[in-house]
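Undergrad:
Protein chains: 2
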Amino acid sequence: MSLRFAILGSLSSCPSSGYDLTRQFGLGLGWFWSASHSQIYPELKRLEDSKLIDGSFTTVGEKLEKRVYSITPAGVEALITWVTDHPQYRPNRDPERLQLIFSDLASVDDIRRHLEAHQRHYVDRRDLVRPIRDAIANGEHDRVQKRLNGKSPREQAMTLLLREFAYGGDIERAELEIAWAQRALRALDEYERRYAGND
Amino acid sequence: MSLRFAILGSLSSCPSSGYDLTRQFGLGLGWFWSASHSQIYPELKRLEDSKLIDGSFTTVGEKLEKRVYSITPAGVEALITWVTDHPQYRPNRDPERLQLIFSDLASVDDIRRHLEAHQRHYVDRRDLVRPIRDAIANGEHDRVQKRLNGKSPREQAMTLLLREFAYGGDIERAELEIAWAQRALRALDEYERRYAGND
DNA sequence: TTCTAACATGTTCATATCGACATGATGTTC
DNA sequence: GAACATCATGTCGATATGAACATGTTAGAA
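Quick mapping for you: the protein sequence lines, in order, are chains A and B. Quick note: the first sequence, position 56, residue 51 per my numbering, numbers continuous. Quick note: the second sequence, position 115, residue 110 per my numbering, numbers continuous.
#1: Name the DSSP beta bridge partners of T53/B, please?
#2: Using a C-beta to C-beta distance shorter than 8 Å, which residues of chain B count as neighbours of D105/A?
#3: On a Cα-Cα basis, can you pick out the residue from A132/A, E150/A, R115/A and G164/A that is closest to L180/A?
#4: Does chain A have any CB closer than 8 Å to the CB of Y64/B?
#5: Grab me the residues of E172/A's own chain with a C-beta within less than 7 Å of its C-beta, minus the 5 sequence neighbours each way, in chain order.
#6: Looking only at its chain, what residues have a beta carbon closer than 7 Å to the beta carbon of L143/A, apart from the 5 residues adjacent to it on each side?
#7: Report yes if the C-beta of K141/A is less than 7 Å from at least one heavy atom of the ligand SAM; otherwise report no.
#8: Indicate whether the contact test is met: 3 or more Cβ pairs, each with one atom in the segment 130 to 139 of chain A and one in the segment 2 to 9 of chain B, closer than 8 Å.
#9: Taking only three categories from DSSP, how would you classify R88/B?
#10: Less than 8 Å between CB atoms is the rule here; does A195/B satisfy it with respect to chain A?
#11: From what residue to what residue does the alpha helix (DSSP H) around W28/B run?
#12: Under a three-way DSSP split, which group does S102/A fall into?
#13: In terms of residues, what are the limits of the alpha helix (DSSP H) holding Q19/B?
#14: Taking a Cβ distance cut-off of 9 Å, strictly less, list which residues of the segment 81 to 97 of chain A are near chain B, in chain order.
#15: Have a look at S51/B and E72/B and give me their C-alpha separation to the nearest angstrom.
#16: Quick test of your reading: L157/B and L95/A, contact by CB under 8 Å. State the CB separation rounded to the nearest angstrom.
#17: Between which two residues does the alpha helix (DSSP H) holding D165/A run?
#18: Can you pull the chain B neighbours of G164/A, defined as C-beta to C-beta under 7 Å?
#19: Going straight from the alpha carbon of V55/B to that of R62/B, what length do you get?
#20: Going by CA-CA distance only, name the one from T79/B, T17/B and C9/B that's closest to G64/B.
#21: What span of residues does the alpha helix (DSSP H) with K141/A cover, start to end?
#22: Name the chain B residues that come within less than 7 Å of L22/A, Cβ to Cβ?
#23: Taking 8 Å as the cut-off, decide whether the C-beta atoms of I131/A and Y162/A are in contact.
#24: Assess, as a yes-or-no matter, whether the segment 118 to 129 of chain B is touched by the segment 22 to 30 of chain B under the definition of 3 or more beta carbon pairs within less than 8 Å.
#25: Can you find a CB in chain A that lies within less than 8 Å of the CB of T17/B?
#26: For G13/A, which residues of its own chain have a beta-carbon under 6 Å away from its beta-carbon, when the five flanking residues on both sides are left out?
#27: I'd like the list of long-range same chain contacts for I106/B, defined as Cβ closer than 8 Å, with 5 residues on each side in sequence excluded.
#28: Leaving out five residues on either side along the sequence, give the residues of the same chain with a beta carbon under 7 Å from the beta carbon of Q140/A.
#29: What residues in its chain sit with their C-beta under 6 Å from that of G21/A, if we drop five residues either side in the sequence?
#30: Of the residues E167/A, Q19/A, L123/A and P90/A, which one's Cα is nearest the Cα of Q77/B?
#31: Where does G164/B land, buried or exposed, given buried means 16+ other C-beta within 10 angstroms?
#32: By alpha-carbon positions, which one of A174/B, P86/B and A69/B ends up nearest to F120/A?
#33: Identify the continuous alpha helix (DSSP H) that holds P68/B and give its terminal residues.
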């Protein structure tokens, strides 16, 4: 149910086409909600039917049609209602650690590979998010800059503060997972030393 | 797709009924994968059709039928294949921080409430997971004890080590989120001081 | 004996999600 | 002029998930 609000939120920065949004979901926004174009286009239709967004046609070159959507006042209202809502925490889904708790059926090497993959995953993630956070802080992020347009310095500071919290939290999470995996790997080493030769 | 393996994994500790599994998903296992009985019963049927588990009937009292499932050798094999697989990281879904980045449309008080709810959520979570982790470490967790049965001391140590990693990681994550929310709340205070009276 | 909590197992429907299928235009490079 | 990456918009079908609907038993307490 968050997809519609992810779209509304993105459109509250600036009007965009389905294609623009798809790319957004593949970049910055994607760290908090990801979606493919096959979800986005039908959702845009539904949002238009609900009068929360407004579509207009443009043409690129000779024939290529582009549909650019803008958020309506009703859309802004719906978005504000949603952000103001008590956050809904979804059911836990942690397939990696689920694998891990049943990995006593696998070999120590398999477990080691699992933890190394976990570490790599979060290193990659951290290294991809950091530049985005930095670009936002340095005023080099296009869509965030558009969001700042027309806002007072006070409001601009809040927009930037919230982004800093959100991306910062994501980076901290990645760093936690990296440190966790490293500690687990060291514990595995110790386990192997303790039981070396026995059994 | 992890549901079938969550069930297989749970059955690899000891045979259980759908009802037992439902409770398991509501307790320990639920921290890594949660599911309702309406997902579990049909999945058990599918697993039985695939010969990965074996169902037998028991009667409780006079009439009440109970279907107890055990994992088959083919099921153990399928489970091992899965735990040995490279972990699959799912698309990001972080509705809370998604709300947060668009909360520049809301009031500072709304943001404060959001962060306080976030903190409470993870305090509750931490306080619920810790006793489970401790019970496992102290040998007071029934299903984990059953899993240890018939294992060598070396194997038992690995089972317990993996649980410690998994639950420990979850607790650390909760503590990170609590600290993050507290820092964000302090940053909000500072924001309000800085802009007091202006605007 | 009656009531209640817990035991026990299902189905059904709406929605979410993802990968694959499907099509075509535009701009750049070789 | 051909090839290719990117722009651009859609649909379809399989599966996942969750809430609600549906039914009945058993054990213990009041």
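Don't be surprised by glycine CBs; every beta carbon is placed ideally from N, CA and C. None of these values were measured; they are calculated from a predicted model.
TA: From the atom records:
#1: T53/B is bridged by DSSP to K61/B.
#2: Correct list: V78 and T79.
#3: Of the candidates A132/A, E150/A, R115/A and G164/A, the one whose C-alpha sits nearest the C-alpha of L180/A is R115/A.
#4: At a cut-off of 8 Å between beta-carbon atoms, Y64/B makes no contact with chain A.
#5: Non-local C-beta neighbours of E172/A in its own chain, meaning closer than 7 Å and more than five positions away in sequence, comprise H113 and Y117, ordered along the chain.
#6: Cβ contact annotation for L143/A (same chain, cutoff 7 Å, sequence separation greater than five): Q151 and T154, in chain order.
#7: Inclusion of the ligand SAM in the displayed structure is not the case, the ligand content being empty and no account of it being possible.
#8: Contact fails: fewer than three Cβ-Cβ distances are below 8 Å.
#9: Note: R88/B maps to strand in three-state DSSP.
#10: The requested residue 195/B is not part of the displayed model; chain B covers only -4 to 194.
#11: Boundaries for W28/B: no alpha helix (DSSP H) harbours it, and the DSSP string shows neither H nor E there.
#12: Coil at S102/A, not helix or strand.
#13: Run containing Q19/B: G13 to G21, per the alpha helix (DSSP H) assignment.
#14: Of all residues in the segment 81 to 97 of chain A, H81, P82, Q83, Y84, R85, P86, N87, R88, D89, P90, E91, R92, L93, Q94, L95, I96 and F97 have a Cβ within less than 9 Å of some Cβ in chain B.
#15: S51/B and E72/B: Cα-Cα distance of roughly 21 Å.
#16: The C-beta separation of L157/B from L95/A comes to about 6 Å, placing the pair in contact by the 8 Å criterion.
#17: Per DSSP, D165/A belongs to the alpha helix (DSSP H) from P148 to R189.
#18: The contacting residues are R92 and W175.
#19: Approximately 10 Å between the Cα atoms of the pair.
#20: The sequence shown places Tyr at residue 64/B, rather than the Gly named in the question. Considering only alpha carbons, the answer is C9/B.
#21: Counting along the chain, the unbroken alpha helix (DSSP H) around K141/A starts and ends at D137 to L143.
#22: Within chain B, no residue has its beta carbon less than 7 Å from that of L22/A; the closest one is some 12 Å off.
#23: Yes.
#24: Counting Cβ pairs under 8 Å, three or more are found: they touch.
#25: With 8 Å as the cut-off, T17/B does not count as an interface residue toward chain A.
#26: Cβ neighbours of G13/A beyond the five flanking positions: I35, Y36 and L39.
#27: L95, S98 and L183, listed in sequence order.
#28: Contacts found: G134.
#29: Counting only Cβ-Cβ distances below 6 Å, and skipping sequence neighbours, we find nothing.
#30: Here residue 77/B is Trp; the residue named in the question, Gln, does not match the sequence. Closest option to W77/B, Cα to Cα, is P90/A.
#31: Per the 10 Å Cβ criterion, buried.
#32: In the sequence under discussion, the amino acid at residue 120/A is Arg, which differs from the Phe named in the question. Out of A174/B, P86/B and A69/B, P86/B has the C-alpha closest to the C-alpha of R120/A.
#33: Counting along the chain, P68/B sits inside the alpha helix (DSSP H) bounded by residues P68 to T79.
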